[in-house]
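Before any comments, here is the structure.
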Amino acid sequence: MADALSSSGIDLPSPTLSVRLRELAGFLAAPTAGRLTEEQRALALGIARRLVADVVAELGCNIDTAALWREWLVAGVPAAGRLTTACFARAEEHRWRELSAQRFGAPAPAAGTPGDTGDAVPSSGRPSDLDRAYLALQIADRRRFDGYGSPCLALSDIDADLLRVLLLDVSAWGLMQVGKDSALAASLGDAVRQALERHAEKPGIDRTATLYHDQLAEQGQVAEAAATAIARHDWVALTALAAAAGRCAYADMTLSLLSAETAALPQLLAPLRLDRAAFAPLEASLASLPGRAVAGGGGDE
């Protein structure tokens, strides 16, 4: 779009104007496609801002997070291309779970093993490996909320490449504020390296999802647990099992579920070997989510 306007003799001196024109070009290319709602935009931006604040804290340096975020909002977030998918997936998952909780109530904690109807606690009084795997999944999910209950992205849940980019971008911004400072540069370099080493050791939601799935697979209970998760509207457990069974990231499975046509859900979740009748609550829950970016549709429910 910008090239076409420039070739017509229109100068684009303003970066803001260029952005507006690209946005308009995108709209004209697909005028019936659903646009972001204010809620979607606010959730995604909030998640991105909290992630940047966590990156600053991970570096352990004296960087003004508020000033950094204000400048990036004006000039553009350097890692926007990589950050968008992760933040949007988390925001849409949050909307889905919030709506489901409002309409159907939050899923009750699972008693015993998933699919269990309430068997007695083992005589040893110790939780089973499956119980611990499910608990680890719940703990990993809880890390994806801040202290006020707002959705966020845990550093352990983003891929190492995105974390590296964010660490370097934040470090570069901090160095720009103080000018040439070799001591600070060396300190930030060490902080980036240590943060990446810690990231490799932290069990994020992808690892806990795989552990949970594998524990169920050993007992032949994956399909039963997935059906129970759907019936209870336990979308975290369902997404975790689907991601692990499909060998993809939790965030990728979230987007796949939220953008899938109803007819595509059985194929998407085929590795879970669910009975067709088990899909009804999932289909109803997804259909009720407004503004969903359904594949092949306008996105507005």
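For what it's worth, our numbering labels the leading residue of the sequence shown as 1068, then goes sequentially. The beta carbon of each residue, even a glycine, is placed where N, CA and C say it ideally should be.
Residue i, DSSP secondary structure in three states
{"i": "P1270", "result": "coil"}
Chain-order list of residues whose beta-carbon lies under 6 Å from that of residue i (same chain, five-residue window excluded)
{"i": "E1350", "result": "T1329"}
{"i": "W1240", "result": "L1135"}
{"i": "E1125", "result": "A1262"}
{"i": "L1118", "result": "L1220"}
Spatial neighbours of residue i in its chain, beta-carbon cut-off 8 Å, leaving aside the 5 residues before and after
{"i": "A1319", "result": "Note on residue identity: the sequence assigns Asp, not Ala, to residue 1319. Excluding residues within five positions, the ones whose Cβ falls inside 8 Å are A1156 and A1310."}
{"i": "R1340", "result": "V1289 and A1290"}
{"i": "T1275", "result": "A1200, A1203, L1204, I1206, A1207 and A1307"}
{"i": "A1115", "result": "V1144, L1150 and C1154"}
{"i": "A1345", "result": "A1293, A1294, I1297 and A1298"}
Alpha helix (DSSP H) segment containing residue i, residue limits
{"i": "R1087", "result": "P1082 to A1096"}
{"i": "T1151", "result": "A1147 to F1171"}
{"i": "P1348", "result": "A1347 to A1354"}
{"i": "Q1244", "result": "A1227 to V1245"}
{"i": "Q1107", "result": "E1105 to L1126"}
{"i": "Q1205", "result": "D1196 to R1209"}
{"i": "V1144", "result": "No alpha helix (DSSP H) holds V1144; DSSP gives it neither H nor E."}
{"i": "A1298", "result": "V1289 to A1298"}
7 Å Cβ shell around residue i - same chain, five flanking residues per side excluded
{"i": "D1236", "result": "P1145 and A1146"}
{"i": "V1122", "result": "L1233, L1234 and V1237"}
{"i": "V1361", "result": "S1326 and E1328"}
Assigned exposure category for residue i - 16 Cβ within 10 Å defines buried
{"i": "I1206", "result": "exposed"}
{"i": "L1095", "result": "exposed"}
{"i": "Y1317", "result": "buried"}
{"i": "V1188", "result": "Confidence at V1188 is low in this model, with a pLDDT of 44, below 50, so the placement of that residue should be treated as unreliable; the coordinate-derived value is given next. Burial call: exposed."}
{"i": "P1218", "result": "buried"}
{"i": "Y1279", "result": "buried"}
{"i": "S1223", "result": "buried"}
{"i": "S1167", "result": "buried"}
Output the residue ranges of the alpha helix (DSSP H) runs that lie fully inside the region 1301 to 1345 and measure 4 residues or longer, sorted by chain position.
1302 to 1312, 1317 to 1326 and 1332 to 1335
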